[in-house]
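**Q** Take a look at the following structure, please.
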Amino acid sequence: MGWDLAPVCRELRALQWNTSLARDDSLSNMGQSGILVEFSDLSMHHRAPGDLSDSERDSVCDFLEDRILAEERSQLQQLQFVYDSLKSVSFSEFWQCADEVDEESDKQLKQIVKSYFEDCNDKTKKELAALRKARKGSRSIPSSITRDDHVNWDIVARDIRALLGVHHDHSFTGRAVARIFHGIDSPCYPAAVWGRDRRFWRKHLDVEFNSLRKFATQELIRFR
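The numbers in the UniProt record's numbering rise by one with no breaks, and the one at position 53 of the sequence shown is 53.
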């Protein structure tokens, strides 16, 4: 919007001492307006010169998308790794490990935890390199999770249209819709507020996130 962050923050804080906004004379006499300004969630403020060429803009967008996808894929792989690792050293019944410690499983688990933290950064780098290579070759990398065979996309489309109809005053993106349907908290759509509406929050957990995001983007284009 062309705003500088620091002056905006100063102006907002100054509202607390703007006596012309006070509804109570006692507050006005104390030099207060009755307005409380708090900054709770951190945000990022970037200044772009705006003189990039079309190819440079495309390059920036490609980099950001690849970075996000690489993080998503690596985090998902790590989550699956943790689940498989804990399952491999667990027991089917609690009494099997109640009397004594299984030292072999203990050593195995320690090694798993060590390898997890050693490989966490490498996984993201590997995913990013694979995505860049696929983009150069105009190929797509399949998702790590495939749960779309049973999806009724007509129902998903109906829910997207219902979401847009109920919240017509919001400007949604495909990713925002997917986050709502997966129950993922975000600054624009916090769980404390949007989680109250069970018609949409966590409605389509069975649909793979990126497939849902792409489908929602297509539906938003049709809706407009």
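Just so you know, even glycine gets a beta-carbon here, dropped at the ideal spot from N, CA and C.
DSSP three-state label for GLY174, please.
**A** Indexing the sequence shown from 1 puts residue 174 at position 174. GLY174 falls in the helix class under three-state DSSP.
**Q** Leaving out five residues on either side along the sequence, give the residues of the same chain with a beta carbon under 6 Å from the beta carbon of LEU12.
**A** On the sequence shown, residue 12 is found 12 positions in, with the first residue counted as 1. Cβ neighbours of LEU12 beyond the five flanking positions: VAL37.
**Q** Evaluate ALA14 with the Cβ neighbour count: other Cβ atoms within 10 Å of its Cβ, from every protein chain shown; 16 or more gives buried, anything less gives exposed.
**A** Here residue 14 corresponds to residue number 14 of the sequence shown, with the count starting at 1. That one is exposed.
**Q** Only counting runs of 4 or more residues, tell me where the alpha helix (DSSP H) segments fall wholly within the stretch 41-84, in order along the chain.
**A** Fully enclosed alpha helix (DSSP H) runs of 4 or longer: not present.
**Q** So, under 8 Å CB-CB, PHE181 and HIS150 are touching, yes? Tell me the CB distance rounded to an integer number of Å.
**A** In the sequence shown, residue 181 corresponds to position 181, counting from 1. In the sequence shown, residue 150 corresponds to position 150, counting from 1. Actually they do not touch by this definition, with Cβ atoms about 16 Å apart.
**Q** Should SER33 and GLN16 be called a contact, given that it needs their Cβ atoms to be closer than 9 Å?
**A** In the sequence shown, residue 33 corresponds to position 33, counting from 1. In the sequence shown, residue 16 corresponds to position 16, counting from 1. Yes. Within cutoff.
**Q** Which residue marks the beginning of the alpha helix (DSSP H) containing SER211, and which one marks its end?
**A** Here residue 211 refers to the residue found at position 211 when the sequence shown is read from its first residue. From DSSP, the alpha helix (DSSP H) with SER211 extends over 209-223.
**Q** Starting from the Cα of GLY50, find the closest Cα among MET44, ASP185 and VAL60 and give me that residue.
**A** In the sequence shown, residue 50 corresponds to position 50, counting from 1. It is VAL60.
**Q** Who are the near neighbours of GLN75 in its chain, counting only those whose CB is closer than 6 Å to its CB and skipping five residues on each side?
**A** Position 75 of the sequence shown, counted from the first residue, corresponds to residue 75. Within the same chain, GLN75 has no close Cβ partners at all.
**Q** Given a cut-off of 9 Å, decide if ARG199 and ALA157 are closer than it, judged by their beta-carbon atoms.
**A** Taking the sequence shown and counting its residues from 1, the one referred to as residue 157 is at position 157. Taking the sequence shown and counting its residues from 1, the one referred to as residue 199 is at position 199. The answer is no: Cβ separation not under 9 Å.
**Q** My assumption, with CB atoms under 8 Å, is that ALA176 sits in contact with TYR189. Please give the rounded CB distance.
**A** By one-based count along the sequence shown, residue 176 stands at place 176. By one-based count along the sequence shown, residue 189 stands at place 189. At roughly 6 Å, the Cβ-Cβ gap stays under 8 Å, so ALA176 and TYR189 are in contact.
**Q** Cα-Cα, which of ALA130, HIS167, THR19 and SER43 is closest to CYS9?
**A** Translated into the one-based positions of the sequence shown, residue 9 becomes position 9. That would be SER43, whose Cα lies nearest to the Cα of CYS9.
**Q** Output yes or no for whether 9 Å exceeds the beta carbon distance between THR124 and ALA70.
**A** Stepping through the sequence shown from its first residue, residue 124 is reached at position 124. Stepping through the sequence shown from its first residue, residue 70 is reached at position 70. Yes, the Cβ-Cβ distance between THR124 and ALA70 is below 9 Å.
**Q** Are GLY174 and GLN218 touching if we call contact CB-CB under 9 Å?
**A** The count along the sequence shown starts at 1 and reaches residue 174 at position 174. The count along the sequence shown starts at 1 and reaches residue 218 at position 218. The answer is yes: Cβ separation under 9 Å.
**Q** Given a threshold of 16 other Cβ atoms within 10 Å of its Cβ, counted over all protein chains shown, does ILE160 qualify as buried or as exposed?
**A** The residue you call residue 160 lines up with position 160 of the sequence shown. Counting Cβ neighbours within 10 Å, ILE160 comes out buried, since at least 16 surround it.
**Q** How would you write the range of the alpha helix (DSSP H) that LEU36 sits in, first residue to last?
**A** Taking the first residue of the sequence shown as 1, we reach residue 36 at position 36. Element bounds for LEU36: n/a, residue is neither H nor E.
**Q** Rank ARG67, LEU79 and ASP169 by C-alpha distance to the C-alpha of GLU127 and give the top, closest one.
**A** For the purposes of this step, residue 127 is taken as residue 127 along the sequence shown, with counting starting at 1. Nearest option by C-alpha distance: ARG67.
**Q** Is the Cβ-Cβ distance between LEU109 and SER85 less than 9 Å?
**A** Indexing the sequence shown from 1 puts residue 109 at position 109. Indexing the sequence shown from 1 puts residue 85 at position 85. Result yes, Cβ atoms of LEU109 and SER85 sit closer than 9 Å.
**Q** State the start and end residues of the unbroken alpha helix (DSSP H) segment that holds GLY165.
**A** For this step, residue 165 is matched to residue 165 along the sequence shown. Run containing GLY165: 153-166, per the alpha helix (DSSP H) assignment.
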